[in-house]
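One structure is given here, and the rest of the page talks about it.
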Amino acid sequence: MKESQNTNNIVYDIRGQICPSCLLFTLREVNTKRHALKNEGVTIIIKTDNRNATTTIPEAVANMGYLATVEKREEGYYQIEIMAPPQ
Amino acid sequence: MHETDTRTEEKSLAELRKELGRLQAENQRLREHEEKTTRYIRQKVNQLLSVIGTMPLDPDELDDQTLLQLDPIGIVSDTFQHILEHHRETNHALEVARDDIRAIVDSVGEGVMVLNNRGEIQTYNRKMTPLFVAPESEITGQTCRQAVCDGATGEEACLFNQVMKRRKSVRTRSWECRGRFYDVIGTPIVDTGGEIVRVVLLYMDVTRRRKSEQALQESEDRFRDLFENATDMLQSIDPQGRILVVNRAWRETLGYSEEEATALNMFDIIHPDFHEVCRKKFEQILRDGREFTSNAIFLSKTGRKIHVEGRVNCKFVDNKPVALRSAFRDIAQRRRLEEEIRRTQKLESVGLLAGGIAHDFNNLLTGIIGNILLAKLKSPNREVLELLQNTEKASYRAQELTRQLLTFAKGGSPVKETASVLDIIQEVVPFVLSGSKSTWRLETEGEIPPVDVDTGQFSQVLQNLIINCDQAMPGGGTLTIGVAVHSLEHDTIPPLEPGDYVRIDIRDQGIGIAREYLSRVFDPYFTTKKKGSGLGLATAYSIIRNHNGLMTVDSEPGQGTTMTVFLPVSSHTISVPQPDSRSAPRGSGRILIMDDDDIVREVAAQMLGHLGYETGEAADGEEAVQEYQQAMESGRPYDGVILDLTVPGRMGGKETIARLREIDPDVRAIVSSGYCNDPIMAEYKAHGFAGVVPKPYSMEKLGATVQATLQPPPKPE
């Protein structure tokens, strides 16, 4: 797992992991970064090559009140962006 | 020692083995416990993951040690806490949204009602209250059929049923509910499975709009009615000259249907001679918008020329011309009307003069004829008798002339009776044409109803017309009299009122009348004959106008002339004519004669004396009343009175009869006048008289009238 952060984006590269560890990892990060997500406009970006994760992660974070978008990148992985809905 | 040591070592070894076994067992138990705990954790984590909606843990991917390090239960627990927090926020937001929706629905100016899919009312706003038939406390849970329309709307027309059936929004316009009108929109609400779970009904009160629309429609109808029934030809034209709309008078005059008219250009109906001037005016008004008056000739669909006069103005919107509005009138009709008025005025002035002269003539003739009659009775000399007879004939011709003059008198009223024009024609025409070279034939169309005419006057009209026809055919010819019923629905032959008329066309094959004379043939003293008096057609015209009818003439030189008479159809049936007695009946009794003319009084007294009556005389109404009263008081009352209608400067017959009836309600009075066309002469009974005798009168006429008047009236049964 690689982590990088610019001003508002926290990027996790979890390529190589499969579900449910992808999901558990993401949920743990969403839980720990709750304040930043809701109040500071932070977006968590997950890079994964596990296809199941593109379903399980958006569904789970939606139940928690977040928006999740999935984008398939040319490099051969999926980018899932998680953010708080606009007020 | 060695043996002891050996035993001790063996004992220690045994203990060690035992301890080892215990430790191994303990270790086994701990391993089993750890495996059990790890399984439990996996199982519970899988359960929690299942709740979140994801797949179970894979032992190959996540070994026990990693699992324990990852702390999935802790992660999922935090996640659940996160989810619950989100649900709390969501519930709060939903509550706020629900309150917002409630406030919005309540503030909507129209009625809103929500039904479930069984049509039962779930909620509604306060604007719905006036639509409910049941108390508001009972509304929720009732069907809209029970609560609102009370079953008055059929199953097919029911909006809820239509929404459920068509599964989309449905609108009903102007639905009536207890005197008010609503536009109602029903909208389905479907769940995620596509099933209808709710139906929202929106009731928009359109009563005011509908009433405004009705008022607008009525207003439009009124203006359209006014437009359509205007007698002028109304038209609206666009700036390109295309006809936009025309009224009925326009269509009827020009002979086009509405569709045909709107396919025309204005120059299609304008005579080519007027194209240039009309085009200039048309272009001018589009530029400056100044209203103008126009005289032109229109062409009907059949090519008939119609002289019109009218005004044209232009409607501008945003300084651009959009329509030219015109009102035109067929001036030929107006010219006919003006001609009619001119003629009537001329007749009135001449009639006034003629009436005065005729009255004096009649008084003189009464004296002359009466004295001739008396002289004839008293003269034994045959030569003198012959001279007297000639004088008598001349006097009767003079009487006929005064009768014609009187026809012009203003206010002259014919003494009408219900009669058949066919009978009068068949009686008069053969008599007039006897000895003539001309023949005649009668052509009738359908059943001819009777008319109300003064038969004497109408006979005179016929006589004049037939004589004219006969004189127009000196070498002989055929005179055709056509009789038919003519219905006038609109004011198409001024000044005739709409209604049913008997139309009599008298056509000759004579020389015809020059066009320049046509408008004057009914003028008094206008004649083209060397020996004509100029009174024949004028008299005929005046008689027919006094019957609320009309006489017209149409002629082409060399083609003959047609005189047309219109007489209003009578609403009465023909009465059986009474036999006419020509002999002077004798009688007895006392008769008072009131007349301002000494000669008339004297002649009447002598005639009545000759017939067996006793007479008294009075020169005016005052004297007559005094004489009548004195006679009553002296016990020798008068049996009847003859009252002159007009006594210049003194009490005449009308006032006298009123005074006499105060003295003697049973007075038997005869009215007499030289103004034989006076309305009182025609309606003498309505003015209290029992009889009438126009001057001049013969002894036979006077005797018969007096005898009939003195007979007591039939007693009521």
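Top to bottom, those sequences are chains F and H. Residue 58 is where the first sequence starts when you use this note's numbering, and the numbers rise one by one after that. Residue 10 is where the second sequence starts when you use this note's numbering, and the numbers rise one by one after that. By construction, the Cβ of each residue, glycine as well, lies at the ideal position given by its N, Cα and C atoms.
Outcome for residue i when other beta-carbon atoms lying within 10 angstroms are tallied against a minimum of 16
| i | result |
| --- | --- |
| Pro586/H | At Pro586/H, the pLDDT of 45 sits below 50, so the modelled position is not reliable and the matter cannot be decided from this model. |
| Asn256/H | buried |
| Arg591/H | A caution first: Arg591/H carries a pLDDT of 46, below 50, which makes its placement in the model unreliable, though a value can still be read off. Result: exposed. |
| Ala367/H | buried |
| Lys136/H | buried |
| Val60/H | exposed |
| Gln244/H | buried |
| Tyr69/F | buried |
| Tyr49/H | exposed |
| Asp604/H | buried |
| Asp687/H | buried |
| Leu720/H | This sequence places Gln at residue 720/H; Leu is not what is there. Classification for Gln720/H: exposed. |
| Gly485/H | exposed |
| Ser564/H | buried |
| Gly376/H | buried |
| Ala428/H | buried |
| Thr88/H | buried |
Short Cβ contact (7 Å threshold) for residue i with residue j
| i | j | result |
| --- | --- | --- |
| Gly128/H | Thr152/H | yes |
| Leu308/H | Ile278/H | yes |
| Glu704/H | Gly683/H | According to the sequence displayed, residue 704/H carries Lys and not Glu. Yes. |
| Ala627/H | Ala633/H | yes |
| Ile602/H | Ile651/H | yes |
| Gly700/H | Ile679/H | yes |
| Val105/H | Asn134/H | no |
| Gly596/H | Gly621/H | yes |
| Thr63/H | Pro115/F | no |
| His91/H | Met121/F | yes |
| Val317/H | Phe291/H | no |
| Thr83/F | Ile67/F | no |
| Thr718/H | Arg677/H | yes |
| Gly521/H | Met482/H | no |
| Val715/H | Gly379/H | no |
| Met708/H | Leu382/H | yes |
| Arg219/H | Ser183/H | yes |
| Met275/H | Ala258/H | no |
| Ala305/H | Phe325/H | no |
Proximity test, residue i beta-carbon vs the ligand ATP heavy atom, cut-off 6 Å
| i | result |
| --- | --- |
| Arg180/H | This structure simply doesn't include the ligand ATP, nor any ligand for that matter. |
Member of the options whose CA lies at the smallest distance from the CA of residue i
| i | options | result |
| --- | --- | --- |
| Lys355/H | Ser445/H, Ser551/H and Leu471/H | Ser551/H |
| Asp606/H | Gln37/H, Asp653/H and Ile457/H | Asp653/H |
| Lys129/F | Leu81/F, Thr112/F, Gln144/F and Pro142/F | Thr112/F |
| Arg351/H | Arg529/H, Leu235/H, Val172/H and Arg48/H | Arg529/H |
| Thr311/H | Lys324/H, Gln615/H, His280/H and Val326/H | His280/H |
| Asp509/H | Leu497/H, Ile520/H and Phe467/H | Leu497/H |
| Arg187/H | Ala428/H, Pro139/H and Val193/H | Pro139/H |
| Asp532/H | Val562/H, Asp479/H, Leu71/H and Phe89/H | Val562/H |
| Ile513/H | Cys478/H, Pro507/H, Thr487/H and Met572/H | Met572/H |
| Tyr149/H | Ala166/H, Ile130/H and Val157/H | Reading off the sequence, residue 149/H comes out as Thr, not Tyr. Looking at the Cα atoms, Ile130/H is the closest of the given residues. |
| Leu617/H | Leu711/H, Arg175/H, Thr582/H and Arg107/H | Leu711/H |
| Asn238/H | Thr262/H, Gln249/H and Ala224/H | Thr262/H |
Neighbourhood of residue i by C-beta distance below 7 Å, restricted to the same chain and skipping five residues each side
| i | result |
| --- | --- |
| Arg26/H | none |
| Val511/H | Val430, Ile457, Pro458, Val460, Val492, Val494, Leu576 and Val578 |
| Pro503/H | Gln342, Arg345, Leu346 and Glu349 |
| Met660/H | Asp629, Gly630 and Glu631 |
| Ala117/F | Leu80 and Leu84 |
| Asp200/H | Val206 |
Same chain, Cβ closer than 6 Å to residue i, five either side skipped, listed in chain order
| i | result |
| --- | --- |
| Thr302/H | Arg320 |
| Leu94/F | Ala141 |
| Thr196/H | Ser178 and Val209 |
| Thr216/H | Arg189 and Phe190 |
| Lys314/H | Ile306 |
Beta-bridge partners of residue i, as assigned by DSSP
| i | result |
| --- | --- |
| Glu728/H | For residue 728/H there is no data in the structure shown, the boundaries of chain H being 10 and 726. |
| Trp449/H | Leu488/H |
| Val179/H | Gly195/H |
| Asn322/H | Arg334/H |
Contacts around residue i, its chain only, beta-carbon distance under 8 Å, and the 5 residues preceding and following it disregarded
| i | result |
| --- | --- |
| Ile553/H | Val470, Leu559, Met560, Val574, Phe575 and Leu576 |
| Pro725/H | Low confidence applies to Pro725/H: its pLDDT is 46, below 50, so where it sits in the model is not reliable, and the reading given next is rough at best. Once the five neighbours on either side are set aside, Pro725/H has no close Cβ partner at all. |
| Asp589/H | Because the pLDDT of Asp589/H is 40, which lies under 50, any placement of that residue in the model is unreliable, and the number read from its coordinates should be weighed accordingly. Answer for Asp589/H: no residue qualifies. |
| His42/H | none |
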